[in-house]
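When we follow our numbering, the leftmost residue of the sequence shown carries the number 218, and every step to the right adds one.
Only one structure is covered here, and it is reproduced in the block below.
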Amino acid sequence: MFKKALIILSLSSVVVVPSLATQVQGAALPTQEKATTYASNKKIRNATYGEEIWVSLTSPIPAGWVIVRTLGTQNLIRNVNGASYATEVEVLLASPIPVGWVMVRAFRGSNVIRNMNGASYGTEVEVMLASPIPKGWVMVRAFRGSNVIRNVNGAPNGTQIEVMQASPVPEGWIIVSSGGNSKVIRKVG
Numbered sequence: 218m219f220k221k222a223l224i225i226l227s228l229s230s231v232v233v234v235p236s237l238a239t240q241v242q243g244a245a246l247p248t249q250e251k252a253t254t255y256a257s258n259k260k261i262r263n264a265t266y267g268e269e270i271w272v273s274l275t276s277p278i279p280a281g282w283v284i285v286r287t288l289g290t291q292n293l294i295r296n297v298n299g300a301s302y303a304t305e306v307e308v309l310l311a312s313p314i315p316v317g318w319v320m321v322r323a324f325r326g327s328n329v330i331r332n333m334n335g336a337s338y339g340t341e342v343e344v345m346l347a348s349p350i351p352k353g354w355v356m357v358r359a360f361r362g363s364n365v366i367r368n369v370n371g372a373p374n375g376t377q378i379e380v381m382q383a384s385p386v387p388e389g390w391i392i393v394s395s396g397g398n399s400k401v402i403r404k405v406g
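As structure tokens, this is what we get:
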């Protein structure tokens, strides 16, 4: 009896499964926008400075865009590519910080970021401790729970600067001495 039931079950699955597959193949799929990369997404690619677009919370954020607001399952992102030097934007804590931007203060559960792209040699700015340090910038001192950073891009060869121990050493610079809370770096090429 058991063998008979097993044979019937096996035969019925051979008949039913292909017929279900035929039904599924013939069924019209619901329309769904094809997932696209940002490089091919015209709305993102052709966006101008300041333009805002709603995206899913799980969506990756394109380079040069920040999260300015969240509502339900969506993030409102803003294009900051092309922003003028020293432009400030309030962003959510979860927002990526674009290259060359720094976090200057916390404000109502968010951060205010500033564009340091285009800063001249020697420019200093006070940043939050968690702020990224742009390429070619060094940490010169701590100040009231923050760091003061300086732009050393464009420094002449032979320039020496005393920086904090935790400071990055830019490409083309060497450490000439180190002790205590600081180190001295020199540009060599």
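Ideal placement from N, C-alpha and C gives every residue a C-beta, glycine not left out.
If you're wondering where the values come from, they're calculated on a predicted model, not measured in any experiment.
Do you know whose CA, among the options, lies nearest residue i's CA?
i    : options                : result
V344 : Q382, N328, N263, N296 : N328
P313 : A383, E341, P277       : P277
S337 : Q291, A303, Q382, I330 : A303
K352 : A359, N332, G299, A323 : N332
E308 : I330, N368, S301, G299 : The amino acid occupying residue 308 in the given sequence is Val; Glu does not appear at that position. Measuring from the Cα of V308, the nearest candidate turns out to be I330.
E370 : V393, Y266, P387       : Glu is not the amino acid found at residue 370; the sequence shown has Asn there. The shortest Cα separation from N370 among V393, Y266, P387 belongs to P387.
G317 : N334, G289, F360       : N334
P315 : T340, V306, G326       : V306
R361 : V321, N296, P349, G406 : V321
V297 : R403, G396, W282       : W282
N364 : S301, V319, V401       : V319
N263 : G299, Q382, L310, N292 : G299
So what's residue i in DSSP terms, helix, strand or just coil?
i    : result
I261 : helix
I294 : strand
R361 : coil
S273 : strand
N328 : strand
T287 : strand
L310 : coil
S301 : coil
S399 : strand
Which whole-angstrom value describes the C-beta separation of residue i and residue j, a residue pair presumed to lie in contact below a C-beta threshold of 8 Å?
i    : j    : result
I366 : V342 : 6 Å
M356 : S394 : M356 to S394, Cβ: 17 Å. No contact.
N374 : W354 : Not quite, the Cβ-Cβ distance comes to about 18 Å (not below 8 Å), so this is no contact.
R295 : G267 : 7 Å
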